[in-house]
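Here is the structure we will look at.
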Amino acid sequence: MKKIWTYEYFKYLLRVLRHYFRSNKTYRVEKFKKDFGFMPNLLYPNTFNEKILYRMVFPRRVEFITQLADKLKAREYIKRIKPDILPVIYGVFDCVDDIDISKFPEKFVLKCNHDTGSSVICTDKKTFDFEQAKLKLSIHLKMNMYYKTREWQYRKIKPFILCEEYIHRDSIEHLGLTSEIFRFHCFDSKVLYIEVEYIDDKGNQYTNVYDKKWNYQKVRLNDRPNTLTKILKPEKFDEAIFIAELLSQNLDYCRIDLYITSTKIYFSEFTFSPSNGREKFSPVGWDDKFGKNWHLNR
Numbered sequence: 002m003k004k005i006w007t008y009e010y011f012k013y014l015l016r017v018l019r020h021y022f023r024s025n026k027t028y029r030v031e032k033f034k035k036d037f038g039f040m041p042n043l044l045y046p047n048t049f050n051e052k053i054l055y056r057m058v059f060p061r062r063v064e065f066i067t068q069l070a071d072k073l074k075a076r077e078y079i080k081r082i083k084p085d086i087l088p089v090i091y092g093v094f095d096c097v098d099d100i101d102i103s104k105f106p107e108k109f110v111l112k113c114n115h116d117t118g119s120s121v122i123c124t125d126k127k128t129f130d131f132e133q134a135k136l137k138l139s140i141h142l143k144m145n146m147y148y149k150t151r152e153w154q155y156r157k158i159k160p161f162i163l164c165e166e167y168i169h170r171d172s173i174e175h176l177g178l179t180s181e182i183f184r185f186h187c188f189d190s191k192v193l194y195i196e197v198e199y200i201d202d203k204g205n206q207y208t209n210v211y212d213k214k215w216n217y218q219k220v221r222l223n224d225r226p227n228t229l230t231k232i233l234k235p236e237k238f239d240e241a242i243f244i245a246e247l248l249s250q251n252l253d254y255c256r257i258d259l260y261i262t263s264t265k266i267y268f269s270e271f272t273f274s275p276s277n278g279r280e281k282f283s284p285v286g287w288d289d290k291f292g293k294n295w296h297l298n299r
């Protein structure tokens, strides 16, 4: 495992080096053309992915969006609006050696505030491999996500490790599915589409898309299959719509990620460039459909 993380850090250093030889615009435009097979229209962007590209090439409201992208500072923003949706924080650390898991509950989550993919989940301290967790987190602390993805909102975030409460996801009765997370796509502070991730008893992952009235939409995202059965609207779904629209005030577009359980709604994160502008829609016309709803603030 140590060799894997050493290799990951080596790849990261190469990306840092590459940054000095290829501008953000050149890098992102070339990536876009490779992914979608055509040159993006940066003068008059139309599709959802073109508009994400525009946002990433021409930064606006940098300080505010950086604050919201920071999983620690975003909590300060939410405390002023809807503090009851924040998961409990057990500790904040700038070094893995300062983490003492004996002070945490049996179940908890460790993750960095400045990136994605750093989360480590503990559901049983007796079997939890803390040394491997520390290795992973120590590498993530050293890496600035901007150099990995060229998403400018992560560039100036000071890295920390958060220890957060573990949120139990409810299983959907009789279906063998668990709803992992609800992603609310907000356009001009209005929820239009909700992307819901499910996992079944065998670990298979699914994604469904709904409108704000819980009407199922015939679209697949990033090659993830849809569930084969109809799923009832969660009891707290309408409340979650209200919360997502409240949190997205004064933003032309953002995605609000929430956990919805049978008893409570929890905040996960703000997302400003889903899939880093490489969101794969099937049918592809949904790229235009999402894009038409996004009125860019230039």
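Reading the sequence shown from the start, the letters are residues 2 to 299 in this note's numbering.
Every residue, glycine too, gets a C-beta built ideally from N, C-alpha and C.
Hey, would you say Thr272 sits closer than 9 Å to Ile257, going by beta carbons?
yes
What are the boundary residues of the alpha helix (DSSP H) that Val63 is part of?
Val63 to Ala70
Apart from the five residues on each side of it in sequence, which residues of its chain come closer than 6 Å, Cβ to Cβ, to Phe33?
Pro41 and Leu54
Report buried or exposed for Tyr267, applying the criterion of at least 16 other Cβ atoms within 10 angstroms of its Cβ.
buried
Count the other CB atoms within 10 Å of the CB of Cys96; is the residue buried (16 or more) or exposed (fewer)?
Label assigned to Cys96: exposed.
Ordered along the chain, which non-local residues of its own chain (more than five positions away) have a Cβ less than 7 Å from that of Lys300?
Since the first and last residues shown for the chain are 2 and 299, residue 300 lies out of range.
Just how far apart, CA to CA, sit Arg279 and Lys265?
As the crow flies, the alpha-carbon of Arg279 is around 32 Å from that of Lys265.
Span of the beta strand (DSSP E) holding Glu165?
Ile162 to Glu166
Could you tell me the alpha carbon to alpha carbon distance between Leu73 and Phe94, rounded to whole angstroms?
Straight-line Cα distance between these residues: approximately 11 Å.
Would you report the Cα separation of Lys104 and His20, rounded to the nearest angstrom?
41 Å
Locate the beta strand (DSSP E) running through Gln133, then write down its first and last residues.
Gln133 -> not in any beta strand (DSSP E); alpha helix (DSSP H) instead, spanning Phe131 to Lys143.
Would DSSP call Gln206 helix, strand or coil?
strand
Within its chain, find whatever has a CB closer than 7 Å to the CB of Asn277; leave out the 5 residues flanking it on each side and keep chain order.
So the list reads Thr150 and Glu152, once near-sequence residues are dropped.
Among the residues of its own chain, which have a CB less than 8 Å from the CB of Phe300, if the five just before and after it don't count?
Residue 300 lies beyond the stretch modelled for the chain, which goes from 2 to 299, so this question has no answer here.
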